[in-house]
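Those sequence lines, one after another, are chains A and B.
Heads up, the final residue of the first sequence is numbered 92 in the numbering used here, and it's a clean run with no missing numbers.
Heads up, the final residue of the second sequence is numbered 122 in the numbering used here, and it's a clean run with no missing numbers.
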Amino acid sequence: QKEVEQDPGPLSVPEGAIVSLNCTYSNSAFQYFMWYRQYSRKGPELLMYTYSSGNKEDGRFTAQVDKSSKYISLFIRDSQPSDSATYLCARITGTASKLTFGTGTRLQVTL
Amino acid sequence: DVKVTQSSRYLVKRTGEKVFLECVQDMDHENMFWYRQDPGLGLRLIYFSYDVKMKEKGDIPEGYSVSREKKERFSLILESASTNQTSMYLCASTETGGLNTEAFFGQGTRLTVV
């Protein structure tokens, strides 16, 4: 079983919609997760960091970890065409901050 | 502006060639990583380095080696390129610290082996 799994999409939504992007993870001992955003032909960039259970909000973005179901979610409110990208969830381990990624979900926000 | 720079955006190499992918970071980060990214498989860690001359295997090291002679530079070497190594290669760096340390990525090198 992969450490972090993610539906690859693609996911297409109209502008202004609420988007829900989801990952599952295999081991309940995992605690530290990140969401990265990757635009076409670019490297990934950190979007949000989250730890253990609960919610973390940053503007239109909310990251949520449900430890009981081993589920990580990223919600995007009032989605914009500029949000069109691939979203990658990742688990972090070790002092080197090694990342193990899900496959990424490609999101398209249409006008 | 922090930067991780990969030497080439696009490369085409022949089967059996020795290929060098270079990565330089200007943030004085201790840790550097090489990933490959393939459709449906996401980013997979090939090798990483936590100090000069130190290296550790990632999840898919077969067919690859690395070199880190200077702190700012991390090279990925394909000893004898094969068509199944056609992929997007991404370099990243982090500083040593807590588990919320951000990874900075280069733009990627799209390697095609023919």
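Ideal Cβ positions, reconstructed from N, Cα and C, are used throughout, including at glycine.
Remember, it's a predicted structure, so these values are computed and weren't measured experimentally.
Annotation: residue 77 of chain A is outside any beta strand (DSSP E) and is labelled neither H nor E by DSSP. Below the 7 Å Cβ cutoff, chain B contributes 115 as neighbours of residue 23 of chain A, in chain order. Nearest CB-CB separation between residue 25 of chain B and chain A: not below the 7 Å threshold.
A residue is called buried when at least 16 other Cβ atoms come within 10 angstroms of its Cβ; residue 108 of chain B does not meet this threshold and is exposed.
Residue 60 of chain B counts as exposed, since fewer than 16 other beta carbons sit within 10 angstroms of its beta carbon. Looking at the DSSP output, residue 14 of chain A sits in a beta bridge with A/31, A/72. If you compare the alpha carbons of A/-16, A/-9, A/77 with that of residue 1 of chain A, the shortest gap goes to A/-9. Contact of residue 83 of chain A with chain B is assigned, a C-beta pair being separated by under 7 Å.
Here residue 39 of chain B is bridged, per DSSP, to B/102. In the DSSP annotation of this structure, the continuous segment of the beta strand (DSSP E) that includes residue 21 of chain B starts and ends at 18 to 21. Looking only at B/71, B/33, B/29, B/65, the smallest Cα-Cα distance to residue 80 of chain B is reached by B/33. Assigned with DSSP and collapsed to three states, residue 64 of chain A falls in helix. Within 8 Å of the CB of residue 69 of chain A, the CB atoms of chain B belong to 50, 51, in sequence order along the chain. Across the set A/22, A/25, A/81, the C-alpha of A/81 shows the shortest separation from the C-alpha of residue 67 of chain B. Closer than 7 Å to the CB of residue 102 of chain B there is at least one CB belonging to chain A.
Taking residue 46 of chain A as the centre and dropping the five residues before and after it, the same chain places the C-beta of 14, 31, 33, 34, 35, 53 closer than 7 Å to its C-beta, in chain order. Your pair residue 102 of chain B and residue 119 of chain B does not check out as a contact, with CB atoms roughly 23 Å apart and the cut at 8 Å.
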